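For reference, the structure discussed in these notes is given below.
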Amino acid sequence: MVGAILRTSIGHLVGEGSSFPITFTANMVATWLLCFFAAGVLAKIIHNPQIREAITVGFLGSFSTFSALSMETVLLIENGQIVTAVSYVLASVIGGIAVGLFGFHCGRKLVSP
């Protein structure tokens, strides 16, 4: 819930007409962090599995959300912005995988002996 509040608050602070650039950025940041932590970084610094789950699933999971991506894509389509909608989905999926791989690689480098 805290992550969702943070994401929404950032959108209001920026004051964009559409929140999709904010959600895209939040999704990429959260993906990098989640994959970075999944590579073993979080387990090295936080030994309690419930706290690790609260950070990853709770905070990062609510900071980035597929439902926000979907809703914003529907709104773009409804407003006739088909090219922007398709670009947004492609950039989110391809970018998310690329950013995730980079985050995981960075995390592995950090925890590897």
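If you're matching positions, the sequence shown starts at 942 in my numbering and goes up one per residue.
The beta-carbon is built from N, C-alpha and C at its ideal position, and this holds for glycine as well.
Since this is a predicted model, take the numbers as computed values, not measurements.
Skipping 5 residues on each side, what residues in its chain have a beta carbon closer than 7 Å to that of G952?
-> Excluding the 5 residues flanking it on each side, G952 has same chain C-beta neighbours closer than 7 Å at S960, I963, in chain order.
In chain order, which alpha helix (DSSP H) runs of at least 4 residues are fully inside the stretch 996–1020?
-> For secondary structure counted as the alpha helix (DSSP H) over 4 or more consecutive residues, the stretch 996–1020 holds these complete runs in sequence order: 1007–1019.
Please report how far the alpha carbon of A984 lies from the alpha carbon of L974, in whole angstroms.
-> Distance between A984 and L974, taken at the CA atoms: about 13 Å.
Between I987 and the rest of its own chain, which residues show a CB-CB distance below 8 Å, the 5 nearest in sequence each way excluded?
-> Once the five neighbours on either side are set aside, the close Cβ partners of I987 are R993, I996.
Cβ pair G981, V1030 closer than 7 Å = In this structure, G981 sits away from V1030, with a CB-CB distance that is not shorter than 7 Å.
Would you tell me roughly how many angstroms separate the C-alpha atoms of I1035 and G1041, rounded to the nearest one?
-> Approximately 10 Å between the Cα atoms of the pair.
Looking only at C-alpha atoms, which of F1045, V943, F965 sits nearest to E1013?
-> Ranking F1045, V943, F965 by Cα distance to E1013 puts F965 first.
Out of L1001, G1002, A945, A979, state which residue places its alpha-carbon closest to the alpha-carbon of R1049.
-> The shortest Cα separation from R1049 among L1001, G1002, A945, A979 belongs to A979.
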